[in-house]
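One structure below.
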Amino acid sequence: MAELKNRSAYFEYAIEDKYIAGMVLTGTEIKSIRGSRVSFNDSFCYFSKGELFVKSLHIAEYSHGTYANHDPLRERKLLLTKRELRKLENKIKEKGYSIIPLRIFITDKSLAKIEIGLGKGKKLHDKRESIKQRETDREIRRFLK
């Protein structure tokens, strides 16, 4: 199973809530995801006319694709329930909240899903705190071995 994580999201944002969403994809996009050819650099989610889209999620072109290959940076629609969409849209209107893609994975039914997180951007001192915490955890594991 291909599971691709957005490591920088947890460093840049304090994630408060997580959701699993489906994605509207083409055939060559799903083949590239299965081949782990996805980059999360600067990707984010936004609302347009009550629908949620993910922008600048780079899914590389499929190597064996023909003229029907996809655009690597196209906007992709995310599929959530109406209740979840309303809840997210209300939270986004508050200052400082963003919706960030956290990971992409393939389910048992061979469907590509994306986990998105509702988070607030961390300040510089919060990031330093994350680094300190990570280093102390590493030291503790080293001494326990």
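The opening position of the sequence shown corresponds to residue 426 in my numbering, with each subsequent residue numbered one higher. Heads up, the beta-carbon is just placed ideally off N, CA and C, and yes, glycines get one too. Keep in mind it's a predicted model, so treat the numbers as computed, not measured.
The beta carbons of His483 and Asn466 sit closer together than 8 Å. Your pair Tyr522 and Leu549 does not check out as a contact, with CB atoms roughly 19 Å apart and the cut at 8 Å.
Boundaries of the alpha helix (DSSP H) harbouring Ala434: Arg432 to Glu437, taken from the DSSP string.
Closest in alpha carbon position to Val479, among Cys470, Pro497 and Ala485, is Cys470. In the structure shown, Glu564 falls within a helical segment according to DSSP collapsed to helix, strand and coil.
Residue burial is scored here from C-beta neighbours: Arg566 has fewer than 16 other C-beta atoms within 10 angstroms and is therefore classed as exposed. Glu454 is the residue among Glu486, Arg462, Arg432 and Glu454 whose C-alpha sits nearest the C-alpha of Arg501. Residue environment analysis places Arg528 among the buried positions, since at least 16 neighbouring C-beta atoms fall within 10 angstroms of its C-beta.
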